[in-house]
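In order, the protein sequences belong to chains X and V. Residue numbers for the first sequence follow my numbering, so the first one is 1 and each next one is one higher. Residue numbers for the second sequence follow my numbering, so the first one is 151 and each next one is one higher. C-beta: ideal position from N, C-alpha, C; glycine also. All of these numbers come straight from a predicted model, not from anything done at the bench.
There are 2 protein chains.
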Amino acid sequence: MENIFTDEYFMKKALQEAEAAYEKGEIPVGALIVVNDRIIARSHNLTEMLNDVTAHAEMQSITAAANFLGGKYLKGCTLYVTLEPCQMCAGALYWSQVSRVVYGAGDNQRGFTAMGGKLHPKTEVKSGVLENEAASLVLRFFEERRGRKY
Amino acid sequence: MENIFTDEYFMKKALQEAEAAYEKGEIPVGALIVVNDRIIARSHNLTEMLNDVTAHAEMQSITAAANFLGGKYLKGCTLYVTLEPCQMCAGALYWSQVSRVVYGAGDNQRGFTAMGGKLHPKTEVKSGVLENEAASLVLRFFEERRGRKY
């Protein structure tokens, strides 16, 4: 039987989180953390609502997953996020020693690869999963904020 | 009259926070945020107690200061921290656009300069303030954890 729990499956759930952020007027990024095909944390960007630059989707999911697991290391876990993590989130993922990071769209401006940040050497990275969906949501957000297409 | 509110003055307060972390069995790092010579946030590392890799001293102070100010940007603020920020904390400081970062001891292993992270281009950085006090506290912590001098 075909395994339905693909990276695309979980990224669709992360995109739902990004859409929830969009509805709240937040830059639309969603994240979740999965262990053994089970979602143990899900979150979306809340920097505006919480007035807190640290409230990125990934940071919230890292805290929530560690709380669920009862330990701060996320070995065996996969973090899904719709947009490439920034250096802050890459740094948090580094400390967590998460096993896999799967992201959608790249971020040439503020992504950790552009900014020079590092994930843990044991962390496997996969990018480009449903990247068009993730990127178009972010583009739509900024287009509407600026009141024009560009 | 001499201004008592020097960088050393505030770093001593941050060292008190680091000592509080030490007493709790946490890697001893303390931080505070100052605006117009007033301390608006103070914190120490709580990663063990909270089971959360994101609970670095700087992260807590950034969240607390934004909460105090009612806005997420820390323009006009100075963050004092006893140890050089890691890439996660540098990333959070980047987003906050904090005006100054003053740290004590450098961290050749996990500091943001070694890891390749970046502060905001508008952020002024000063290092080495009471660095011996800050470094010796961290060294003492690891010596005691390992049960031996080295």
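Own chain residues within Cβ distance below 7 angstroms of residue i, not counting five before or after
i, result
"X/E8", "V129 and L130"
"X/A41", "L32, I33, S61, A64, A65 and F68"
"V/Y300", "Low local confidence applies: a pLDDT of 48 at V/Y300 is under 50, so the model's placement there is unreliable, and no value is given."
"V/A242", "E208, M209 and I212"
"X/F141", "Y22, I27 and P28"
"X/K118", "A90 and Y94"
"X/V210", "Given a span of 1 to 150 for chain X in the structure shown, any question on residue 210 of chain X remains unanswerable."
"X/E48", "G25 and E26"
"V/L200", "none"
Cα-Cα separation between residue i and residue j, rounded to whole angstroms
i, j, result
"X/L79", "V/L289", "33 angstroms"
"X/T63", "X/V35", "15 angstroms"
"X/D52", "V/K222", "5 angstroms"
"X/M1", "X/Y94", "35 angstroms"
"X/S96", "V/G266", "18 angstroms"
"X/G106", "V/F155", "44 angstroms"
"V/G261", "X/I39", "32 angstroms"
"X/A135", "V/G220", "30 angstroms"
"V/N153", "V/M161", "15 angstroms"
"V/Q237", "V/T204", "11 angstroms"
"X/K13", "X/Y103", "12 angstroms"
"V/P271", "V/L224", "14 angstroms"
"V/A295", "V/S277", "Here the sequence assigns Arg to residue 295 of chain V, which means Ala is not the residue at that position. Taking the straight line from one Cα to the other gives about 27 angstroms."
Same chain only: Cβ atoms within 6 angstroms of residue i, ignoring 5 sequence neighbours per side
i, result
"V/E283", "L165"
"X/E58", "A31, V81, P85 and C89"
"X/N108", "A114"
"V/G226", "V185 and S249"
"V/S193", "A181, A207, Q210 and S211"
"X/D37", "F5"
Beta-carbon contacts of residue i that lie in its chain and below 8 angstroms, excluding the five residues immediately before and after
i, result
"V/L287", "L165, A168, E169, Y172, P178 and T232"
"X/T123", "L93, Y94, Q97, V98, S99, R100 and V101"
Proximal residues of chain X, C-beta to C-beta of residue i below 7 angstroms
i, result
"V/G266", "G116, G117 and K118"
"V/N258", "Per Cβ cutoff of 7 angstroms: no residues; V/N258 is ~15 angstroms from chain X at best."
"V/T213", "D52 and T54"
"V/A242", "V53, T54 and M88"
Burial state of residue i (16 or more Cβ within 10 Å)
i, result
"X/G147", "exposed"
"X/N45", "buried"
Contacts of residue i in chain V (Cβ-Cβ under 8 angstroms)
i, result
"X/S96", "V203"
"X/A66", "N201, D202 and V203"
Interface partners of residue i on chain V, CB under 7 angstroms
i, result
"X/M1", "None at all; the shortest Cβ gap to chain V is about 37 angstroms."
"X/G71", "N201"
"X/A57", "Within 7 angstroms Cβ-Cβ: nothing; X/A57 doesn't reach chain V, min ~13 angstroms."
Contact test: residue i Cβ vs the ligand PLP heavy atom, cutoff 8 angstroms
i, result
"V/E294", "Among the components of this structure there are no ligands whatsoever, and the ligand PLP is therefore not found."
Contacting positions in the stretch 37 to 48 of chain X - beta carbon closer than 9 angstroms to chain V
T47 and E48
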